[in-house]
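Trainee:
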Amino acid sequence: MVSFIAHELHDEIGQVLTAINTNLGLLELATDRQVRATRLADSFKLVGDALKQVCDLALNLRPSLLDDFGLIPALERHLNRQVQRSGLAIDFIAQSLDLKLDPTLEITCFRVIQPAVTNVVRHAQATRLTVRLVQTEAAIQITFEDDGKVFEVASTLWEASRRGSIGLLGTEEGVRLAGGRFKIASTPREGTEIGTGFLSINT
2 MVSFIAHELH DEIGQVLTAI NTNLGLLELA TDRQVRATRL ADSFKLVGDA LKQVCDLALN
62 LRPSLLDDFG LIPALERHLN RQVQRSGLAI DFIAQSLDLK LDPTLEITCF RVIQPAVTNV
122 VRHAQATRLT VRLVQTEAAI QITFEDDGKV FEVASTLWEA SRRGSIGLLG TEEGVRLAGG
182 RFKIASTPRE GTEIGTGFLS INT
């Protein structure tokens, strides 16, 4: 999750702040009143975008819905937000025993799903994503299936590690740190499937 936060700060919020800085520099040099007004309006919009991204990041770190209602409603809200932003069709299938999970496991599941979905939105060129969460008395299983472009798994993960990219590595990192299992398959005509599993801890 630390790497995911670093990625969001650098690639998302960092870019907005850079754009604001550029706008303010051009505003300082501009002499035409209309140009100054346009640059100022752009800067206000960018500040608003940055504030929204910070709020979203804070919400994603520990959504209040996790505390109030549990994992499933928090995931539904997050995935609905992704649908509205990206246009990607996301099917969320939850098979739950309605057992209250340990808070640490809840946030782990959320943090695993979050970067995995973000990676599909940004890189997979998919039109549909299916996220499944299956809870039994002994385990939690999470799978992702998308119809996007396929890739060679080993070389892609190696290249991502070399470039310091997050994406799938962030998902794998979260799973491994929580003591879970992680596997990924990407095949022509079938798309990409990611599977994770954790021992279930109920409260």
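Counting with my numbering, you get residues 2 to 204 for the letters of the sequence shown. All C-beta atoms, glycine included, are put in the ideal place defined by N, C-alpha and C. All values derive from a computational prediction rather than experimental measurement.
1) Would you mind giving the Cβ-Cβ distance between residue 144 and residue 133, rounded to the nearest angstrom? I have them listed as a contact below 8 Å.
2) When every heavy atom of the ligand GTP is checked, does at least one fall within less than 7 Å of the C-beta of residue 73?
3) Kindly indicate the opening and closing residues of the beta strand (DSSP E) around residue 188.
4) Only counting the same chain, and skipping five residues up and downstream in sequence, which positions put a Cβ closer than 7 Å to that of residue 181?
5) Kindly indicate the opening and closing residues of the alpha helix (DSSP H) around residue 111.
6) Give a yes or no on whether the C-beta atoms belonging to residue 192 and residue 153 are separated by under 8 Å.
7) Could you tell me how far apart the beta carbons of residue 121 and residue 88 are, in whole angstroms, since I believe they sit closer than 8 Å?
8) Shortest alpha-carbon distance to residue 116 belongs to which of 174, 151, 39?
9) Am I right that residue 82 and residue 66 are in contact with their C-beta atoms under 8 Å? What's the rounded C-beta distance?
10) Between the Cα of residue 19 and the Cα atoms of 187, 50, 32, 39, which residue gives the shortest distance?
11) Which same chain residues, not among the five before or five after residue 114, have their C-beta less than 7 Å away from its C-beta?
12) Give the DSSP-derived three-state secondary structure of residue 152 in the structure shown.
13) Our contact map puts residue 44 next to residue 21 with C-beta atoms below 8 Å; I'd like the distance itself, whole angstroms only.
14) Quick check on the burial criterion: 16 or more other C-beta atoms within 10 angstroms. Buried or exposed for residue 29?
Mentor: Taking the structure as given:
1) On the sequence shown, position 143 is the one that residue 144 refers to. On the sequence shown, position 132 is the one that residue 133 refers to. With a Cβ gap of about 5 Å, residue 144 and residue 133 count as contacting.
2) By its list of ligands, the structure shown contains no ligand whatsoever, and the ligand GTP lies outside what it can speak to.
3) Position 187 of the sequence shown, counted from the first residue, corresponds to residue 188. For residue 188, the enclosing beta strand (DSSP E) begins and ends at 182-188.
4) Position 180 of the sequence shown holds residue 181. Same-chain partners within the cutoff: 197, 198, 199.
5) What you label residue 111 is simply residue 110 of the sequence shown in a count that begins at 1. First-last of the alpha helix (DSSP H) with residue 111: 104-120.
6) Counting from 1 along the sequence shown, the entry for residue 192 is found at position 191. Counting from 1 along the sequence shown, the entry for residue 153 is found at position 152. Taking 8 Å as the Cβ cut-off, residue 192 and residue 153 do not qualify as a contacting pair.
7) Here residue 121 refers to the residue found at position 120 of the sequence shown. Here residue 88 refers to the residue found at position 87 of the sequence shown. 12 Å between Cβ atoms; not a contact.
8) Translated into the one-based positions of the sequence shown, residue 116 becomes position 115. For the residues 174, 151, 39, the minimum Cα distance to residue 116 belongs to 174.
9) The residue given as residue 82 occupies position 81 in the sequence shown. The residue given as residue 66 occupies position 65 in the sequence shown. Not quite, the Cβ-Cβ distance comes to about 12 Å (not below 8 Å), so this is no contact.
10) As a first step, residue 19 is located in the sequence shown; it is residue number 18 there, counting from the start. Residue 19 has its Cα closest to that of 50, out of 187, 50, 32, 39.
11) Here residue 114 corresponds to residue number 113 of the sequence shown, with the count starting at 1. For residue 114, where only same-chain residues beyond five positions count, the Cβ hits under 7 Å are 76, 132, 143.
12) The count along the sequence shown starts at 1 and reaches residue 152 at position 151. Three-state DSSP puts residue 152 in coil, outside helix and strand.
13) Along the sequence shown, read from residue 1 onward, the residue named residue 44 stands at position 43. Along the sequence shown, read from residue 1 onward, the residue named residue 21 stands at position 20. Rounded, the Cβ-Cβ distance is 6 Å, consistent with contact.
14) Against the sequence shown, residue 29 aligns to sequence position 28. Exposure of residue 29 is indicated by the presence of fewer than 16 other C-beta atoms within 10 angstroms of its C-beta.
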